[in-house]
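Asks:
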């Protein structure tokens, strides 16, 4: 308990940065992932191929490597300089977007065929069929897998600690500098993560009930 | 090609799709071209930056680091499959004093970030007097606890999605519960859950890269070391490219192996019954 109370500043800043990483990456990943999923079912072959290639390559690359590139490699390119937090957000978003895309795509497949057929029958073009009819229903169906993706994202934010972002994963190193026991600090970090994951799971159950598809 | 999401294109739509296709290709070419141009302009393709990777000793070290990644992966994969089966059986046990702890175990280790688990093993345990923790043990132990718990859920979902008749038939011919589990339910569950199991194995392979942060001598760790050699122009991007090619290659090989295995298993007689297809997958 003392470790937590005496170093509450470290824990608070650490987890605040974790949540910042989580929220921004979650929003960007959700938007990008939905676009990629839409591209993967689009009628234009070139768009489908591009989205499939992106998903297959990034899903087979470790997140650590993605962050490695953005945190250590990107500055060497002499482009607009970005700080480590932004680099981590970009890396996490690009990585998580592929998982969001797969979840949305599986959701699109769960929408009954009749919905799309009805939309086409009244003459809606592809974009409207997708955005007005299919996606709203698909999102309701994918709440459980989507939340697993977000829970994974929350836990993945700790990887950014290896790339100079001060967040929950980096609390240990800072505690060691102050001479605090590493084990206690790590267990506290683990406990906070368990609580955060629990909150997300509760939110998932609530949304699932609220948006249940009545068929 | 037919999809339920759009009508079969007529002549107008076909030409529109063609234009859109060309536009997409142009945009992608522009982005890729810009990245490559930027790489070239900042000298990432200079011979000096790649010279390091032509030395036999460096190549040997990289091969060794691939070996380190693969050995961590193989050990962790085997152990997590075993742990997953054990935990799944535990959760399905009729005795509460067995099923409750197994439930707690899986929930606990699925909620803690893998990196924090590895740190607990690598930085935490030695401070409370546990000796002999190498980066390898920390990486493998973290991977096994986390992926074992995830796989336990996968096995359990697979077993529960089987038709009741399977276990009832087992009990009817007088098999004890352990026999019903191991020789009737588990083989079928594994077969129907194979795609999920394999994608979890790919996750294990990718997550060995976290060993980078707890100083395990794997591909990314070596890449950073070589990438920071100043006398060779700190080739961090060439090193990242080498690491990316190695990882993506290994994961694709694993995925291809999975596809092959799936086809082989589904060809076997008796595997024609796919119970998971009848029951909506528990996501």
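Chains as they are written, first to last, in full-length UniProt numbering: chain Z, 1 to 215; chain C, 1 to 283. Glycine included, C-beta positions come from ideal geometry on N, C-alpha and C.
Any beta carbon of chain Z sitting closer than 8 Å to that of residue 9 of chain C?
Replies: Position 9 of the second chain, counted from the first residue, corresponds to residue 9 of chain C. Yes - at least one Cβ of chain Z is within 8 Å of the one on residue 9 of chain C.
Asks: Report the three-state DSSP secondary structure of residue 95 of chain C (helix, strand or coil).
Replies: Stepping through the second chain from its first residue, residue 95 of chain C is reached at position 95. Reduced to three states, the DSSP call for residue 95 of chain C is coil.
Asks: In chain order, what residues of the same chain have a beta carbon less than 8 Å from the beta carbon of residue 13 of chain Z, not counting five sequence neighbours either side?
Replies: For the purposes of this step, residue 13 of chain Z is taken as the residue at position 13 of the first chain. 166, listed in sequence order.
Asks: Return the CA-CA distance between residue 162 of chain C and residue 180 of chain C, expressed in angstroms with no decimal places.
Replies: For the purposes of this step, residue 162 of chain C is taken as the residue at position 162 of the second chain. For the purposes of this step, residue 180 of chain C is taken as the residue at position 180 of the second chain. Residue 162 of chain C and residue 180 of chain C: Cα-Cα distance of roughly 12 Å.
Asks: Going by beta carbon distance, what residues of the same chain come within less than 7 Å of residue 94 of chain Z, once the five residues before and after it are set aside?
Replies: Locating residue 94 of chain Z in the first chain gives position 94, counting from the first residue. The answer, listed in chain order, is 58 and 66.
Asks: Short of 8 Å in beta carbon distance, which residues of its chain neighbour residue 116 of chain Z, apart from the five on each side in sequence? Order them along the chain.
Replies: If you number the first chain from 1, residue 116 of chain Z lands on position 116. Only 129, 133 and 134 meet the Cβ criterion.
Asks: Using the three-state DSSP reduction, which class does residue 216 of chain C fall into: helix, strand or coil?
Replies: Within the second chain, numbered from 1, the residue matching residue 216 of chain C stands at position 216. Residue 216 of chain C falls in the coil class under three-state DSSP.
Asks: Between residue 29 of chain Z and residue 76 of chain Z, what straight-line distance do the alpha-carbon atoms span, to the nearest angstrom?
Replies: Taking the first residue of the first chain as position 1, residue 29 of chain Z is located at position 29. Taking the first residue of the first chain as position 1, residue 76 of chain Z is located at position 76. In a straight line, the C-alpha of residue 29 of chain Z is about 25 Å away from that of residue 76 of chain Z.
Asks: Would you mind sorting residue 150 of chain C into buried or exposed? The rule is 16 or more other CB atoms within 10 Å of its CB.
Replies: Within the second chain, numbered from 1, the residue matching residue 150 of chain C stands at position 150. Answer is buried; the Cβ neighbour count reaches 16.
Asks: Tell me the DSSP secondary structure of residue 8 of chain C in three-state form.
Replies: For the purposes of this step, residue 8 of chain C is identified with residue 8 of the second chain, where counting begins at 1. Residue state, collapsed to three classes: coil.
Asks: Looking only at C-alpha atoms, which of C/80, C/132 and C/122 sits nearest to residue 110 of chain C?
Replies: Taking the second chain and counting its residues from 1, the one referred to as residue 110 of chain C is at position 110. It is C/80 whose Cα lies nearest to the Cα of residue 110 of chain C.
Asks: For residue 117 of chain Z, name the three-state secondary structure that DSSP assigns.
Replies: Walking along the first chain from the start, residue 117 of chain Z turns up at place 117. Helix.
Asks: Just the chain Z side, please: which residues come within less than 8 Å of residue 24 of chain C by C-beta, in chain order?
Replies: One-based indexing of the second chain puts residue 24 of chain C at position 24. Near residue 24 of chain C (Cβ distances below 8 Å), the residues of chain Z are 44, 46, 47 and 50.
Asks: Would you identify the three-state DSSP class for residue 211 of chain Z, choosing helix, strand or coil?
Replies: Mapped onto the first chain, residue 211 of chain Z falls at position 211. If DSSP states are grouped into helix, strand and coil, residue 211 of chain Z belongs with coil.
Asks: Give me the subset of the region 92 to 125 of chain Z whose CB atoms are less than 7 Å from a CB atom of chain C, sorted by chain position.
Replies: Against chain C - using a Cβ distance shorter than 7 Å - the residues of the region 92 to 125 of chain Z are 113, 116, 117 and 120.
Asks: With 8 Å set as the bound, which would you pick, yes or no: does the beta-carbon of residue 194 of chain Z sit closer than that to a beta-carbon of chain C?
Replies: Here residue 194 of chain Z corresponds to residue number 194 of the first chain, with the count starting at 1. Yes, residue 194 of chain Z counts as interfacial toward chain C.
Asks: Have a look at C/101, C/197 and C/224 and flag the residue whose alpha-carbon is nearest the alpha-carbon of residue 254 of chain C.
Replies: For the purposes of this step, residue 254 of chain C is taken as residue 254 along the second chain, with counting starting at 1. Nearest option by C-alpha distance: C/197.
Asks: List the residues of chain Z that residue 149 of chain C touches, going by C-beta distances under 9 Å, in chain order.
Replies: The residue given as residue 149 of chain C occupies position 149 in the second chain. Within 9 Å Cβ-Cβ: nothing; residue 149 of chain C doesn't reach chain Z, min ~13 Å.
Asks: Taking CB distances under 8 Å as the criterion, tell me whether residue 76 of chain Z reaches chain C.
Replies: As a working note, residue 76 of chain Z is residue 76 in the first chain. Yes, residue 76 of chain Z lies at the interface with chain C (some Cβ there is under 8 Å from its Cβ).
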